[in-house]
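K.L.:
If you're matching positions, the sequence shown starts at 35 in the numbering used here and goes up one per residue. Where a beta carbon is used, it is the ideal one built from N, C-alpha and C, also for glycine. Below: one structure in structure tokens.
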Amino acid sequence: MRRLSCLLVAAACLTLQPVHTQPRGLKVHISVDMEGIAGVVTGDQIGPAGFEYGRFREFMTREALAAVAAAKEAGATEIVVADAHGNGENLLVEQFPADVKIVRSWPRKLEMMGGIDQTFDAAVFIGYHASTTNPNGVRAHTFSSATLTKVTLNGVEMSEGSWNAAIAGHFNVPAVMVSGDDAAVAEIRKVIGPIDAVETKTSLGFHSAITRTPAAVQAEIGPAVKAGLAKRATVKPYKPQGPLVVDVTFKHYLPAEVLAYLPMFERSSAHSVRFRPKDMAEAAAVMQFIGEYRPDLAP
């Protein structure tokens with residue numbers, strides 16, 4: 035009996051021993067736009083037809099690489115970089131470390147946050163700009179400078195930065211760092227709260243700025259990324275409280291009229307529609323449809 039008791043006690047002790055599992059590595063998503071990159075002021079820098087585009091692809095890539103290097107120094111074992119500007123084919127992919135994955139081209143789920151999911155620990159935004167309703171931002175727009183004049187989420191005017199922070203928040207991922215012009219940084223902080231940032235330039239107008247040099251900005255991105263990642267456990271993901279309501283305002287009245295034929299939309303003004311997504315993943319999908327669908331799509 036005594037021997038049996040000893041065996042039972044020993045078995046219980048073994049059962050109570052802590053199970054040591056391999057700690058999961060740090061996983062970081064980096065979304066890279068171009069309008070907020072140092073030196074960018076006009077279309078000459080941001081599209082293939084621009085005479086400075088080739089040089090500024092290089093600067094965009096270097097700012098992204100500065101964020102990647104800092105994330106690695108902070109302990110990141112997995113990094114996904116989303117090329118989130120224009121045609122989605124701007125970053126010079128051959129310059130990235132072999133273990134970094136890059137999301138390219140469109141259309142894709144979750145738009146500028148393509149590739150993110152609940153396994154990530156933090157989101158970083160590089161080269162971001164202000165919203166289309168901000169009169170002070172360089173190249174300020176929201177999703178489409180050609181078609182949209184405003185996007186609101188639960189009555190709050192959204193920039194691409196705050197919208198993408200909400201997408202990250204859907205997956206319980208905090209946005210920890212942003213770079214861009216002074217208007218873009220102030221705008222995202224106003225909506226999502228304090229966030230580590232690097233101001234790449236001071237806006238003088240839609241097509242003008244007092245810009246810092248690419249080298250100066252690249253040198254500051256690393257420390258800001260590391261500072262943001264160090265705080266990730268205390269940074270709350272940005273999660274707008276439901277039920278979610280999204281209002282989209284177009285420059286032209288016709289998209290609002292046509293979208294209102296669909297039962298999920300209501301026409302809230304001559305140029306606006308409203309929809310109520312179940313979550314930010316659905317909101318992103320609807321906005322992607324609005325931005326990507328064209329009647330002339332053909333194989």
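Among Ala164, Leu187, Pro169 and Asn170, which one has its Cα closest to the Cα of Thr176?
P.N.:
Comparing Cα-Cα distances from Thr176 to each of Ala164, Leu187, Pro169 and Asn170, the minimum goes to Ala164.
K.L.:
Could you tell me the alpha carbon to alpha carbon distance between Gly203 and Thr186, rounded to whole angstroms?
P.N.:
Their Cα atoms are separated by approximately 17 Å.
K.L.:
Would Asp151 pass as a contact of Phe205 if the rule is Cβ separation under 8 Å?
P.N.:
The answer is yes: Cβ separation under 8 Å.
K.L.:
Can you tell me which of the three DSSP states Tyr162 falls into?
P.N.:
The answer is strand: DSSP assigns Tyr162 an E or B state.
K.L.:
Just list the beta strand (DSSP E) runs in the region 196-232, keeping only unbroken ones of 3 residues or longer that don't cross its boundaries, in chain order.
P.N.:
The region 196-232 contains these whole beta strand (DSSP E) runs: 209-214.
K.L.:
Is it a yes or a no for the region 79-98 touching the region 235-252, going by three-plus beta-carbon pairs under 8 Å?
P.N.:
With a cut-off of 8 Å, the region 235-252 and the region 79-98 count as touching, because enough Cβ pairs lie within range.
K.L.:
Is Ala132 helix, strand or coil by DSSP?
P.N.:
Ala132: coil per DSSP, three-state reduction.
K.L.:
Please list the terminal residues of the continuous alpha helix (DSSP H) segment that includes Thr167.
P.N.:
First-last for Thr167: undefined, no H or E at that position.
K.L.:
Check whether the region 280-294 touches the region 210-225, taking contact to mean three or more Cβ pairs, one atom from each stretch, closer than 8 Å.
P.N.:
Flag = no, the region 280-294 and the region 210-225 do not touch.
K.L.:
Whole angstroms is fine: what's the gap from Asp155's alpha carbon to Tyr87's?
P.N.:
One C-alpha to the other measures close to 33 Å.
K.L.:
Can the beta-carbon of Glu112 be found closer than 8 Å to that of Lys143?
P.N.:
Contact: no.
K.L.:
From what residue to what residue does the beta strand (DSSP E) around Lys312 run?
P.N.:
Here Lys312 belongs to no beta strand (DSSP E), and DSSP marks it neither H nor E.
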